[in-house]
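Asker:
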Amino acid sequence: MEFRRIAEDPCGSRTGRIETPHGEVETPAFMPVGTQGAVKALTPEQVQGLGAQIILGNTYHLYLRPGHRLIRELGGLHRFMNWPGPILTDSGGFQIYSLGALRTLSEEGVTFQSHIDGSRHFLSPESAVEIQEALGSDILMCLDECIPYPAGRAEAERALERTARWAARCKKSRRNPSQALFGIIQGGVYPDLRRRSAEAILSIGFDGYALGGLSVGEPKELMLENLAATAPLLPADRPRYLMGVGTPEDLVEGVAHGIDLFDCVMPTRSARNGLLFTNGEKVVIKNARYREDGSPLDSTCDCYTCRNYSRAYLRHLYVSGEILAMVLNTIHNLRHYLRLMERIREAIREGRYREFRERFFRERQAGTADE
RNA sequence: GGGGUCGUAGUUAAGUUGGUUAUAACGCCGGCCUGUCACGCCGGAGGCCGAGGGUUCGAGUCCCUUCGACCCCG
């Protein structure tokens with residue numbers, strides 16, 4: 047994997063290009079989440095058509111079903127799901143957090159009780175790498191321990207140290223150097239622990255660095271504070287990935303702190319639950335106020351949904367439980383996110399990201415955003 | 001004409017031997033969603049218990065009348 051910086055804004059944001067065995071990614075980039083080998087509700091062709099250059103898969107979920115060996119035998123994840131571009135796989139570290147009640151942790155690794163059938167499965171730093179290599183991901187993530195919020199200092203400290211030990215084991219066990227491996231910074235919401243975690247992970251050395259354990263329920267100010275404290279410590283010549291974040295506002299802030307990669311279920315999950323992002327107000331499409339609204343969802347959006355359908359129709363589809371509601375809503379939300387990233391990259395390239403960001407938040411506050 | 005069953009929220013239903021503010025589901029209205037256990041989660045509004053009369057300290061529950069729906073027998 048190669049990372050080339052193309053332009054840098056005086057305020058610290060940068061645009062660049064990541065080259066992987068399956069193609070390039072222009073950064074800053076938003077990566078749609080396709081946990082089980084599918085971006086929910088869309089075909090890969092649609093995802094690509096929306097401007098996505100790289101998507102996510104998940105180690106835990108694909109290991110459990112259909113199994114990484116099967117996927118390897120069938121030609122790897124790219125071929126299995128018919129996604130020709132780059133894929134980043136998360137390690138299962140997030141499931142240590144999200145499936146809290148279904149797992150037990152030890153220094154060796156984590157034992158999950160399958161959420162599907164209750165069977166027990168052991169995931170270690172080594173097996174997490176092995177699974178991701180079998181999947182054929184372009185970027186693998188180290189197995190980390192993602193802790194919930196709130197968490198005490200002692201717990202955050204213990205988790206960041208274990209994450210560092212696991213990171214070393216991940217690096218040691220990797221076999222295929224053509225697949226990039228990213229280390230993950232933890233440390234809870236304690237800036238000094240974040241710094242310590244960064245030092246530990248940096249000293250091991252990875253192809254890219256991720257900030258994990260943020261946006262797990264903490265107040266936004268804490269998230270931004272820890273982001274600001276940690277991002278500058280990450281080497282400028284490696285991609286920086288803010289895991290699991292976030293809202294459009296979070297992306298704009300993340301970029302301002304020099305983040306290159308984001309992923310989040312928000313656009314896709316919200317779409318399926320009827321929350322649609324626009325350049326104006328957020329639209330809860332099931333609300334009765336849209337029942338007779340013949341206008342497009344977002345008149346400034348260039349997506350298939352906004353070009354062809356009214357809010358009234360989208361509401362009708364949603365309340366009727368039509369599958370098409372999820373398809374059209376996901377198309378829009380993802381396009382909204384991906385177009386935001388396009389505009390961000392353009393602004394950085396033209397050296398006007400500071401103005402872009404200021405205008406972005408000014409318009410949000412005024413609620414009069416147009417373009 | 002005779003007999004029976006049943007009328008409870010917008011809908012379908014539950015309501016124990018009569019006993020505090022009459023339940024649920026769906027629907028309706030609103031909110032939430034941050035490395036996906038997620039077409040999900042949370043909350044809210046909404047009932048002269050068909051109508052009238054009676055028994056009782058107290059009736060959605062018991063009795064009478066009446067209206068309506070359905071079924072059976074002539």
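Its first residue numbered 47, the first sequence is counted upward by one per residue in this note's numbering.
Backbone N, C-alpha and C fix where the C-beta goes; we use that ideal spot for every residue, glycine too.
#1: Identify the continuous beta strand (DSSP E) that holds M77 and give its terminal residues.
#2: Expressed to the nearest angstrom, what Euclidean distance is found between the alpha-carbon atoms of I377 and L148?
#3: Would you tell me roughly how many angstroms separate the C-alpha atoms of L120 and M187, rounded to the nearest one?
#4: Quick one: what's got a C-beta closer than 8 Å to T314's C-beta in the same chain, skipping five residues either side?
#5: In angstroms, rounded to a whole number, what distance separates the CA positions of G258 and L239?
#6: With a threshold of 8 Å, are at least 3 pairs of Cβ atoms found where one atom belongs to the region 350-361 and the other to the region 328-341?
#7: Give me the DSSP bridge partner(s) of H362.
#8: So G182 packs on H124, CB below 8 Å; how close in whole Å?
#9: Rounding to the nearest angstrom, what Cα-Cα distance links R400 and M289 in this structure?
#10: For L169 and G155, which I take to be in contact (beta-carbon distance under 8 Å), what is that distance rounded to the nearest angstrom?
#11: Below 8 Å on the Cβ atoms is my contact criterion, and I expect I421 with G103 to pass it. Report the Cβ-Cβ distance as a whole number of Å.
#12: How many Å lie between R303 and S366 at the Cα?
#13: Anyone know if the C-beta pair for P285 and I101 falls short of 8 Å?
#14: Just reading off the beta strand (DSSP E) that E327 is part of, what are its end residues?
#15: Beta carbon of L270, beta carbon of L386: below 8 Å?
#16: For T66 and T81, what's the separation of their Cα atoms in angstroms?
#17: Round the Cβ separation of I193 and Y143 to the nearest angstrom and send it over; I've been treating them as touching at under 8 Å.
Answerer: Inspection of the coordinates gives the following:
#1: Position 31 of the first sequence, counting from 1, holds the residue named residue 77. A75 to M77 is the extent of the beta strand (DSSP E) around M77.
#2: In the first sequence, the residue the question calls residue 377 occupies position 331. In the first sequence, the residue the question calls residue 148 occupies position 102. Here the C-alpha atom of I377 lies approximately 33 Å from the C-alpha atom of L148.
#3: As a first step, residue 120 is located in the first sequence; it is residue number 74 there, counting from the start. As a first step, residue 187 is located in the first sequence; it is residue number 141 there, counting from the start. Counting only the Cα atoms, M187 lies some 22 Å from L120.
#4: On the first sequence, residue 314 is found 268 positions in, with the first residue counted as 1. So the qualifying residues of the chain are P78, V79, V85, K86, A87, T376, N379 and L380.
#5: Mapped onto the first sequence, residue 258 falls at position 212. Mapped onto the first sequence, residue 239 falls at position 193. When rounded, the separation of the alpha-carbon atoms in G258 and L239 is 13 Å.
#6: Pairwise C-beta distances place the region 350-361 in contact with the region 328-341, as three or more of them are shorter than 8 Å.
#7: Numbered from its first residue, the first sequence carries residue 362 at position 316. According to DSSP, which records beta bridges pairwise, H362 is partnered with nothing at all.
#8: Mapped onto the first sequence, residue 182 falls at position 136. Mapped onto the first sequence, residue 124 falls at position 78. Confirmed, Cβ separation roughly 6 Å.
#9: Within the first sequence, numbered from 1, the residue matching residue 400 stands at position 354. Within the first sequence, numbered from 1, the residue matching residue 289 stands at position 243. Those two C-alpha atoms are separated by around 23 Å.
#10: Looking up residue 169 in the first sequence gives position 123. Looking up residue 155 in the first sequence gives position 109. With 8 Å as the limit, L169 and G155 qualify as a contact, their Cβ atoms being about 6 Å apart.
#11: Since the first residue of the chain shown is 47 and the last is 417, residue 421 is not available in this structure.
#12: The residue labelled residue 303 in the question sits at position 257 within the first sequence. The residue labelled residue 366 in the question sits at position 320 within the first sequence. Arg is not the amino acid found at residue 303; the sequence shown has His there. Cα-Cα distance, rounded: 42 Å.
#13: Sequence index remark: in the first sequence, residue 285 carries index 239 (1-based). Sequence index remark: in the first sequence, residue 101 carries index 55 (1-based). In this structure, I101 does not lie closer than 8 Å to P285 by Cβ.
#14: By 1-based counting over the first sequence, the position of residue 327 is 281. It is not in any beta strand (DSSP E) - E327 carries neither H nor E in the DSSP assignment.
#15: Locating residue 270 in the first sequence gives position 224, counting from the first residue. Locating residue 386 in the first sequence gives position 340, counting from the first residue. The answer is no: Cβ separation not under 8 Å.
#16: For the purposes of this step, residue 66 is taken as the residue at position 20 of the first sequence. For the purposes of this step, residue 81 is taken as the residue at position 35 of the first sequence. Roughly 20 Å between the two C-alpha positions.
#17: Here residue 193 is taken as the residue at index 147 of the first sequence, counted from 1. Here residue 143 is taken as the residue at index 97 of the first sequence, counted from 1. Confirmed, Cβ separation roughly 7 Å.
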